[in-house]
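Beneath this line is the structure, given in structure tokens, with notes to follow.
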Amino acid sequence: MPPMTDHADPLAPRLLTCDVLFTGMGGAQSPGGVVVVGGTVAATGDPAALRASYPHAREEAVGGVIAPPPVNAHTHLDMSRYEFTALPYFRWIPEVVVPQREKRSVEAALHGADTLRDLGAGGVGDIVYMHAPDVMDALLAREDLSGVLYYEVLGTFPDRADDIFRTIRERLERWRRLERPGGPRVGLSPHTPHTVSHHLMRLLCDYAAGEGLPIQIHVAEHPAEHDLYTRGGGPIWDNRLAPFYPDTFAEVIGREPEPGLTPVRYLDELGVLNAKPTLIHMVNVTPDDIARVARAGSAVVTCPRSNHHLECGVFPWAAFAAAGIEVALGTDSVASGGSLDVREDVAFAQTLYPTLDPRVIVRAAVKAGHRVLGSRAPFIRRGEAWNEAYLWR
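UniProt numbering applies: residue 1 is where the sequence shown begins, and numbers increase by one.
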């Protein structure tokens, strides 16, 4: 019988080399390598050093990234049956979101969860539509889903805040009894600072902070938010559905708009940032906004493809990184992002930010995503089981 070759020997060392390696610990490195022996990680590090230590290892240049599966830190699974459409923000809502709203369903959310499972996602931060609470029940029952399910709340009339809050609290308390170890957790998402009244926003965030519930809020997504907070008008107010809003924007936020007021400053002065919410988008911000978020210790999730497709602007990643703010990645909905695969946002971000170290982007998709969701990434280190899902192909 001829001797067994390296290709046939399951215990033969393999040296997998890549452009970026993130082991789940510390920072990423470039280039990187992983030695795998018999399905177990034997070593990680610089390819040259690994070649010297394992001269008989069969080298495979896998390229791209080796890392634990990325986390989709912000999406809307109940919109997973929508058609992807790239349009300017103020056309996208009436031409895409509203006409296809009948597609928002439990079935669509389960389809999205199936997609995440098939992608091997490391976790998800999902926004559960306020008017589809059955989605929460369906997703909480999934044994192959981890992360946080944030129940979305809207309500612009301050005098209705107490009634809305009582209903929301009852639902959250029931859902929290359905949580299982290792399964998705229940969170809360006051939709935006301009679709949730000041009174309701405080009730929700104070409650969440007291109960230890994670929070996500959409903030500073579109440049038109500037007009709303500085003068109480502009495209967002002009395009509102009037029956769902009071007469003036000042009634929503409980103060008069003024020059220099931004949605971030408004949330900070309202006391909302004390609850350390995760802020989504944060594209159109000022240096003062970034400083406020850093002081509060809040994290941020950017959705590069969605912001590009809706012409919202470019998230100032370098400025947030310089301030020491944790930045994670999400796809947003299929309708605006194009897919639920956050690795595609990683690739897009590398083209969008050519001067940003790609190691920063990869780490954001893994470590920062887990930090946002309160979970932990698996480690790629000596003695741990090797998983082919660590190859981002």
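C-beta: ideal position from N, C-alpha, C; glycine also.
Remember, predicted model here, so these are calculated numbers, not experimental data.
{"Asked": "Which residue from 95, 66, 151 and 230 puts its Cα closest to that of residue 390?", "Found": "66"}
{"Asked": "Let me check understanding here. Comparing Cα to Cα, which of 150, 378, 113 and 358 lies closest to residue 28?", "Found": "358"}
{"Asked": "Identify the residues that DSSP records as bridge partners of residue 18: which are they?", "Found": "32"}
{"Asked": "Using a 10 Å radius around the Cβ and a threshold of 16 neighbouring Cβ atoms, would you call residue 131 buried or exposed?", "Found": "exposed"}
{"Asked": "How is residue 369 classed by DSSP in three states: helix, strand or coil?", "Found": "helix"}
{"Asked": "On the premise that residue 392 lies in contact with residue 343, defined as a C-beta separation below 8 Å, what is that separation, rounded to the nearest angstrom?", "Found": "5 Å"}
{"Asked": "Can you give the Cα-Cα distance for residue 383 and residue 34, rounded to whole angstroms?", "Found": "12 Å"}
{"Asked": "Check whether the stretch 114 to 126 and the stretch 53 to 72 are in contact - that is, three or more C-beta pairs closer than 8 Å.", "Found": "yes"}
{"Asked": "Measuring alpha carbon to alpha carbon, tell me which of 277, 168 and 262 ends up nearest residue 229.", "Found": "262"}
{"Asked": "I need the DSSP call for residue 115, collapsed to helix, strand or coil.", "Found": "helix"}
{"Asked": "Can you check whether the CB of residue 85 is closer than 8 Å to the CB of residue 379?", "Found": "no"}
{"Asked": "Could you spell out where the beta strand (DSSP E) holding residue 105 opens and where it closes?", "Found": "Neither: residue 105 is in no beta strand (DSSP E) and is coded neither H nor E."}
{"Asked": "By Cβ distance, which residues of its chain are closer than 6 Å to residue 13, with the 5 residues on each side in sequence left out?", "Found": "35, 37, 54 and 57"}
{"Asked": "Check this for me: beta carbons of residue 327 and residue 321, under 8 Å apart or not?", "Found": "yes"}
{"Asked": "Excluding the 5 residues preceding and the 5 following residue 374 in the sequence, name in chain order all residues of the same chain whose CB lies nearer than 8 Å to its CB.", "Found": "148, 185 and 214"}
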